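Asker: Chains as they are written, first to last, in the numbering used here: chain A, 0 to 122; chain B, 0 to 549; chain C, 306 to 475; chain D, 53 to 723. Backbone N, C-alpha and C fix where the C-beta goes; we use that ideal spot for every residue, glycine too. These numbers were taken from a predicted model, which means no experiment stands behind them. First the structure, which I've put down as structure tokens, then a few questions once you've had a look.
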Amino acid sequence: MTLWFLRGLRRGVVTTRYPARPDASAAALPTPPAFRPEALTRALADRLAAACPSRALARDGDALVFDVGACTACGRCLAEAPGAATSSGEFELAATLPAHLVKRIPLLAGGGAAAPATEGGSP
Amino acid sequence: MTAVRAGAAALPGLLSQLGRDAADDARPVITVAVPAASLEDAVRRLAAHPGARLADVFAAGGGPAAGRDAAAAGPVVLRLVWGLDADRGYLITESEIEGERYPALSDIAPAAFYEECEIYEQFGIRPGGGKPLNRVALPPQAATTPGQAPPRLGRAPVEPPGDVHALHHVGGHAFEFPFGPVRQVGVESLYYGLVTSGEEVVDLYLFTWHKHRGVEWRLQGRTPREALFQVERTEGLGAVGNAWAFAVAAEAALGLEPPAPAARARAVALELERLYNHAAATAALCQSTGLVIGQAAAEIALERLLRVNAAAFGHRYLFGVVDIGGAAAGPDAAVLRRDLPGAYGELCRAADALLATNSFLDRLEATGILTQEAARRLGLVGPVARASGVATDTRVDHPGPPYAGLPPAVAAATAGDVLARFRVMLAESAESVRLIGDLLDAGAGPGRAEPVGTEPGGSQPRGETREARGGPARAGMAARSGLGWAESSRGEALAWVALDDTGRITRARLRPASVRNWRGFDDACRSQNVFTDIPIIEASFWLTVAGTSR
Amino acid sequence: MTDQRAASRSVPETAAELRRAVTRQFGRSLHIRTLDTGSCAACEQEIRLLAAPHYDLHRLGFFFTPAPRHADLLMVTGPMVRAFDIAARKTYEAMPGPKLVVATGACALGGVYQPDAFTHGGVGETLPVDVWIPGCPPSPLALLQGLLVAVGRLAEKVQDLSFIQNGTPR
Amino acid sequence: MNPLPVLAGAAAAWGLAALIALLGGTSRPAVRACCAVSGLGGAAAVAGGVASLLSGDSRVVTAGGSVVVGTLQLQATSLAGVFVALLGLVAVAIAAYVPRYHEPGRATGLYLAVYNLALLASLAVLAAGNVVTFLVAWETMALLCYLLVLRRPRRAEAAAGAFWFLALSEVGFVLIIAAFVILAAKTHTMQLDLIAARARLVTGGWRDTAFLLALAGFGFKAGLVPLHVWLPEAHPVAPADGSAFLSGLVVKLGVYGIALFGFGLLPAGPAWRGVLTMAAGAVTAAIGILYALGERDIKRFLAFSTIENIGIIVTAFGAAMTFWAYGQRLLWAFLLLAGLYHVANHGTYKTLLFLEAGVIEHATGTRDMDRLGGLAHRMPRASVITFVGTLGIAALPPFNGFVSEWLIFQGLFQGFRTGSHLVAILIVLAAATLGLTGGLAIYAFVRGYGIPFLGMPRTRPAAEATEARQPVAGPALLAVACAALAVGAPVVLAVLARAMRTVTGVALRPELLPGNLTVIPAHTKFSGFSPTWLAVFLLAITALPALIYLAGRPRAASRIEPVWDGGIVAFKPRMQYSAMTFSAPTRVTFDALYRPSVSVRRASDDPAGRSGPVHYESQATPVFQRYLYRPVIRAFEWLADVVRPIQSGDVNLYLFYVFAAVLVAYLIAAV
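This is how it looks when you write it as structure tokens:
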């Protein structure tokens with residue numbers, strides 16, 4: 000056991016300071032996408048919805064409805080529309096209500112961009 | 000891949016030809032149509048063939064996929080997958096089964112028993128001889144309350160399962176120690192019926208149906224790429240192995256050949272998966288022996304390896320690396336070269352200290368012994384089999400790219416106890432690190448072979464695929480089918496895929512290594528152990544329930 | 306055998322009230338029981354790592370307990386296989402109130418599996434979930450954040466996020 | 053006061069009871085009457101026993117005589133007093149128990165008649181004033197007990213059990229006769245008190261021979277290993293009250309015999325005699341409890357535990373004799389006292405337990421622990437009473453077993469006072485053996501109570517058991533006695549100390565009871581405790597937390613939830629520890645003694661590894677029957693074949709035998 004004890008001393012502390020301080024390892028984690036409304040059209044939204052294997056994306060009128068809870072950060076939407084979606088980098092996603100996880104992203108590009116900005120954008 | 004249609008009589012010739020193909024490394028997969036009448040004879044021949052093992056048994060057809068109106072039921076096609084390790088090839092026998100019975104395979108090749116039970120539950124046909132079967136996937140309430148019966152791949156059994164399933168009755172001076180399904184913190188749900196005389200373990204049986212999610216049923220009607228998402232999440236700790244096997248099967252069916260760098264990228268991921276699994280197994284061994292400091296050391300190594308995964312492939316458990324026809328993500332070679340040695344060093348230091356701790360080794364030695372005979376008979380694979388002196392490793396026996404180029408040295412032991420399994424895991428980890436180095440030197444990166452015809456369905460709205468699930472196709476003698484395999488960290492993972500002409504899956508068979516190795520577990524537990532040894536044995540097998548009840 | 310008045314007290318209506326009750330009753334120490342309802346074992350691995358040196362949730366006053374009798378918080382992973390209903394219900398009922406349920410991972414949140422004859426496609430309809438932690442699997446850091454949110458020691462962050470790149474006004 | 057008249061009254065009552073039973077056994081009122089009378093007799097016997105403890109030995113009364121049985125002489129001695137009182141107590145308890153236990157009928161009438169006569173005979177044994185009376189009474193008692201065991205003669209196992217009892221009892225009887233004959237011949241008297249007085253006339257060799265013969269002879273009745281085999285055979289087949297009588301009293305008569313020779317007739321003796329007795333006792337105790345752990349049948353289990361307790365008592369007696377040899381008069385008397393105390397205690401709780409075993413058997417139809425379970429819910433009264441008895445026999449405070457065993461241990465721990473290192477070590481070894489025994493006894497009775505009464509019912513009869521119309525009064529009385537013998541320890545000890553003065557001539561009182569309810573084992577400044585205060589204290593510390601809880605328990609929600617079972621679909625009775633699995637660790641540790649033969653049948657041995665039914669048996673070898681008794685029996689059968697020719701049926705030949713016999717007799721007389 001002394002062997003282990005000494006090893007432990009030599010090893011030092013590895014424990015994260017989170018939540019007091021941010022943790023560096025979080026940078027490499029897969030995170031849900033963030034979208035650029037300016038780049039989203041209805042057609043693109045439909046393609047994204049089709050590409051999403053976990054049904055996290057769906058188009059509702061002129062808004063892309065994004066269920067963060069269902070998202071597995073698999074990155075297929077990023078591959079599908081490199082311009083319109085990027086990784087959000089957010090990993091602190093715990094929600095107290097499922098509704099908090101459902102986001103509406105307005106489709107500002109292409110047909111009928113102006114109108115839905117208000118109607119689709121308001122949560 | 001060569002597909003041959005021939006009777007059982009032609010087998011000897013085929014086998015010899017197989018040997019020749021193997022010489023020029025053609026990865027031969029031979030498909031032989033064997034009429035049900037001569038199936039028994041064929042099984043005898045193959046079981047007697049040197050270096051042949053029954054790798055998997057599964058059925059297809061027998062009604063519309065996803066089990067809707069059973070009126071359209073066709074004949075069930077029974078497929079036996081033989082790993083001809085000596086000849087470096089696979090052989091599939093296809094037999095159409097009319098009626099409810101087929102020759103009892105497990106009397107000739109005991110390894111077939113678990114699959115016989117599966118086939119009974121899913122396709123309603125049972126082996127002759129009338130020996131009792133066990134419940135493996137479908138929950139008891141599925142049998143008792145017809146309303147709750149989940150859909151089956153084929154038709155429902157005709158005989159009531161009550162008459163078919165063996166009763167777990169404990170008599171005499173022993174009792175059943177119930178353990179689970181809700182067990183310790185952070186372990187999977189699993190029920191042990193632990194029959195003990197108060198001290199030693201008399202017998203042990205497992206109920207894994209608590210986690211059966213009908214994955215194979217879900218895959219039907221999807222395109223391989225959609226299905227891949229589900230396959231990765233069937234056994235998270237074996238994601239790469241299973242996904243690779245599935246991808247190879249789909250590629251065989253679609254006639255794709257992944258580009259070399261992508262194949263190497265997959266291999267890097269697979270070896271990383273092996274590394275972190277063996278680290279996790281080490282941590283679990285320490286936990287089960289109550290060596291908390293050792294557990295902490297192993298967990299430091301494990302966490303660092305997972306971070307290496309995340310840095311190199313973007314996912315701690317390497318989801319989304321394998322893609323049909325290639326690799327979706329490639330390793331960041333620089334990161335791997337920089338971080339992997341350190342992380343692996345942690346594991347080595349932990350292992351060295353463990354191998355110098357007698358209180359630890361004493362618990363491992365002569366615990367959970369699994370004889371070579373048992374490992375062979377039950378068709379076990381991976382580190383478990385290798386620790387019992389059955390040195391099968393598909394990376395060597397059935398080398399596909401990129402392993403054909405750089406074959407790994409197979410670590411093996413003969414003791415068959417927990418310590419032997421532990422040592423084998425450590426040796427494999429070292430080998431994996433070496434392989435990763437070579438693979439990176441050879442150059443590994445993402446890439447994808449585009450199909451000859453455009454692969455359909457890839458960009459269809461989900462709704463339609465829901466409708467299309469199952470489709471009209473019969474998964475009998477499938478037009479386009481393929482077999483895939485990979486040496487996952489737990490051993491040989493197999494997959495078989497049949498596609499209809501729209502490129503959707505009519506029948507997908509997943510056989511993670513866990514399915515095989517759980518069968519050795521009770522055998523190992525029964526050999527002279529008291530029941531405090533069971534957690535140690537379980538840790539040394541390092542299997543997942545998710546993999547076996549999928 | 307719960308008399309109504311007491312029941313209404315020991316099982317608060319809103320999650321916020323519950324969290325206050327938890328903080329009141331347990332101070333800052335909480336015991337956690339996990340429940341695997343059909344996960345792929347990756348979530349389990351991440352939960353195990355919470356106790357590992359890198360994350361060490363004990364420093365935050367969280368402890369794992371194998372007995373639901375001693376547990377205040379239930380971490381549920383997996384899509385809630387129907388065959389597992391009995392075990393899940395028994396486990397939840399075996400816990401003393403007030404109790405929290407944390408749905409952990411995309412499966413538990415309905416991401417990977419859809420409701421069908423095999424699974425409920427998420428734990429939401431079977432157990433009263435108080436906190437939802439997305440991720441496939443959620444990394445230990447995400448789990449820590451979720452637990453801290455569950456006991457009201459960290460503010461929920463996601464409800465203010467728009468997932469709109471370079472923050473277009475909402 | 054002279055106890056003899058009282059005892060005569062008891063005897064008369066039992067005679068009358070026997071008569072009533074014989075005449076009117078078929079009618080319930082008659083049975084009640086019989087039991088009432090028998091109970092009165094018991095009360096009288098208690099009184100007489102206590103009286104003879106206090107008033108010392110009475111004169112020897114010659115109550116006439118006859119050619120057949122010789123002169124009938126009676127004497128109430130202090131040594132016998134404890135046994136007489138116990139006899140009375142047992143009689144009262146059984147009298148209260150019988151009416152509900154036995155259905156009226158001719159067989160019952162006969163049985164009760166035999167039983168009451170057996171009480172009478174036992175009393176005669178204890179009150180015998182001379183050798184002939186003793187022997188006649190003894191043999192009568194043995195035969196009557198044989199009939200008790202043979203309650204259901206049609207059953208094969210009943211016949212077998214009864215035969216074991218009778219055969220060993222007869223062998224013992226021969227040895228006892230021999231022992232008495234030696235003493236009578238050397239002291240030229242048949243009268244017991246005179247034999248005791250002239251004991252010094254007997255030369256050492258004869259004296260030791262007589263003692264060894266008596267030890268063996270009475271050992272058969274008392275159940276000293278390896279002479280114990282009849283107990284586990286006879287107890288299960290006798291009716292509950294019968295086996296209660298056997299264990300509660302009859303085996304104690306064997307103990308009485310040993311005490312009579314070791315302390316009454318031949319007090320003086322060499323050290324090895326005591327050491328031998330002590331060793332026999334210690335071995336008996338250890339083996340008895342180990343075999344008890346291997347039993348599923350409640351009555352066999354209790355029978356083996358009786359063997360264990362007899363071992364403890366005999367160990368105390370042996371140690372006492374050893375101390376005498378080293379001039380430690382105080383400890384000599386003290387250990388005899390402790391042993392007698394344990395006699396009384398064991399008689400009380402073992403009778404209780406056997407009676408309750410009968411209740412369980414009637415309520416569920418089985419004695420197999422592994423077919424019972426959960427009776428605490430179905431039979432609360434029985435479970436409480438049994439629990440008292442269990443605490444008593446497991447020697448846990450505040451009940452009586454603890455007091456007497458504590459005293460015995462305290463006596464043994466003073467082995468160093470012998471001054472001889474070897475003997476001191478031997479005595480401490482005996483103490484250690486008893487320590488092991490005590491530990492195993494707790495283990496055994498956790499099992500013996502827990503498996504039948506706690507957990508879930510293992511069979512339908514157990515689930516549907518009911519204790520309505522089951523006897524309560526008798527066992528309840530004994531339970532009270534258990535408590536009284538513990539709490540009232542100072543009084544009991546005072547009485548016994550008085551008796552010890554008569555038996556040993558040693559005055560223990562000041563060293564034993566300095567007042568303030570404490571008990572000092574013989575020598576002051578060694579140790580001491582107060583059973584009374586201990587009982588009070590225990591009650592207090594158990595009551596206090598309960599009160600605190602009741603006072604301060606939260607008024608908020610309280611739910612009653614089922615046991616946490618890991619979330620399995622249904623928790624089944626087969627998932628509980630059974631009697632055999634609970635004691636498996638001992639079978640593993642002591643397999644040299646049990647020599648278990650294990651047989652496993654499991655579906656999973658099928659090469660395909662299919663799982664299914666499992667059957668596991670671990671049977672202990674009956675070592676003594678196989679390796680000791682079987683050869684002896686074989687030898688006798690052989691011998692019988694050899695001597696058969698002698699019995700030819702020729703009258704002349706027989707006349708010659710007579711002549712030869714007479715001749716031999718003359719020659720012996722001449723020498």
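Consider the Cβ of Y316 of chain B: report whether some Cβ of chain C lies at a distance smaller than 7 Å.
Answerer: yes
Asker: Determine the contact status of I337 of chain C and L378 of chain C, defining contact as a CB-CB distance below 7 Å.
Answerer: The criterion of a C-beta distance shorter than 7 Å is satisfied by I337 of chain C and L378 of chain C.
Asker: If you run the structure through DSSP and keep just helix, strand and coil, what is E669 of chain D?
Answerer: Look at E669 of chain D here: in three-state DSSP terms it is strand.
Asker: Taking just the CA atoms, how far does E97 of chain B sit from A44 of chain A?
Answerer: 49 Å
Asker: Rounded to the nearest angstrom, what separates P34 of chain B and D522 of chain B at their Cα positions?
Answerer: When only Cα atoms are considered, P34 of chain B and D522 of chain B end up about 34 Å apart.
Asker: Pick helix, strand or coil for F368 of chain C, following the three-state DSSP scheme.
Answerer: strand
Asker: Would you kindly work out how many angstroms separate the C-alpha atoms of G129 of chain B and V230 of chain B, rounded to a whole number?
Answerer: Rounded to whole angstroms, G129 of chain B to V230 of chain B spans 34 Å at the Cα level.
Asker: Which residue's Cα is closest to the Cα of P138 of chain B: B:Q527, B:Y402, B:F206?
Answerer: B:F206
Asker: From B:D86, B:G213, B:R315, pick the residue whose C-alpha is nearest to that of A238 of chain B; which is it?
Answerer: The option with the nearest alpha carbon to A238 of chain B is B:R315.
Asker: If the criterion is Cβ atoms closer than 7 Å, does the pair H209 of chain B and A388 of chain C meet it?
Answerer: yes
Asker: So I503 of chain D packs on S630 of chain D, CB below 8 Å; how close in whole Å?
Answerer: 7 Å
Asker: Here's the rule I'm using: 16 or more other beta-carbon atoms within 10 Å means buried, otherwise exposed. How should G456 of chain B be labelled?
Answerer: Confidence in G456 of chain B is poor, its pLDDT being 40 and thus under 50, which makes the residue's placement unreliable; the coordinate value appears in the next sentence. It is buried - the Cβ of G456 of chain B has at least 16 other Cβ atoms within 10 Å.
Asker: Whose C-beta lies closer than 6 Å to the C-beta of A559 of chain D among residues of the same chain, with five residues either side of it excluded?
Answerer: R553
Asker: Taking C-beta pairs closer than 9 Å, name the residues in chain D that A392 of chain C reaches, listed in chain order.
Answerer: G618, G619, I620, V621
Asker: Beta strand (DSSP E) containing I620 of chain D: first to last residue?
Answerer: Note, I620 of chain D: premise wrong, no beta strand (DSSP E); not H, not E.
Asker: Note down, in chain order, every chain A residue with its Cβ under 9 Å from the Cβ of R336 of chain B.
Answerer: Chain A residues near R336 of chain B: none, gap ~16 Å exceeds 9 Å.
Asker: Can you name the start and end residues of the alpha helix (DSSP H) that I503 of chain D belongs to?
Answerer: Element bounds for I503 of chain D: 473-505.
Asker: So L126 of chain D and V113 of chain D are in contact, right, with Cβ under 8 Å, and what is the actual spacing, rounded?
Answerer: 5 Å
Asker: Taking 7 Å as the CB-CB cut-off, is S24 of chain A touching chain B?
Answerer: yes
Asker: Looking at C-beta atoms only, is the number of pairs between the region 525-533 of chain B and the region 483-501 of chain B that lie closer than 8 Å three or more?
Answerer: no
Asker: Inspect the beta-carbon positions of P330 of chain B and V432 of chain B and report whether they are closer than 7 Å.
Answerer: At the C-beta level, P330 of chain B and V432 of chain B stay beyond 7 Å of one another.
Asker: For the putative contact between A482 of chain D and L464 of chain D, defined by C-beta atoms under 8 Å, what is the C-beta separation to the nearest angstrom?
Answerer: 6 Å
Asker: Measure the C-alpha to C-alpha separation of G7 of chain A and I535 of chain B and round it to an integer number of angstroms.
Answerer: One alpha carbon belongs to G7 of chain A, the other to I535 of chain B, and they sit about 24 Å apart.
Asker: Taking contact to mean at least 3 C-beta pairs separated by less than 8 Å, is the region 435-443 of chain C in contact with the region 403-415 of chain C?
Answerer: Contact holds: three or more Cβ-Cβ distances are below 8 Å.
Asker: With 7 Å set as the bound, which would you pick, yes or no: does the beta-carbon of D377 of chain C sit closer than that to a beta-carbon of chain A?
Answerer: no
Asker: Would you kindly check if the distance between the Cβ of L265 of chain D and the Cβ of A236 of chain D is under 7 Å?
Answerer: no
Asker: If you follow the alpha helix (DSSP H) that K273 of chain D is in, where does it begin and where does it stop?
Answerer: 256-274
Asker: Distance, Cα to Cα, N516 of chain B vs V169 of chain B?
Answerer: Between N516 of chain B and V169 of chain B, the C-alpha separation is close to 25 Å.
Asker: What's the C-alpha gap between L141 of chain D and L705 of chain D?
Answerer: 55 Å
Asker: Just list the residues that DSSP pairs E175 of chain B with in beta bridges.
Answerer: B:V194
Asker: For F4 of chain A, does the count of other Cβ atoms within 10 angstroms reach 16, so buried, or fall short, so exposed?
Answerer: For F4 of chain A, the number of other beta carbons within 10 angstroms of its own is below 16, and it is reported as exposed.
Asker: The beta strand (DSSP E) spanning V200 of chain B covers which residue range?
Answerer: 200-206
Asker: Going by CA-CA distance only, name the one from D:G410, D:L68, D:G300, D:P697 that's closest to N361 of chain D.
Answerer: D:G300
Asker: Give a yes or no on whether 7 Å exceeds the smallest Cβ distance from L236 of chain B to chain C.
Answerer: yes
Asker: Taking any Cβ of chain C, which residues in the region 88-104 of chain A have a Cβ under 8 Å from it, in chain order?
Answerer: Near chain C, meaning a CB-to-CB distance below 8 Å, the residues of the region 88-104 of chain A are E89, F90, E91, L92, A93, A94, T95, L96, P97, H99, L100, K102, I104.
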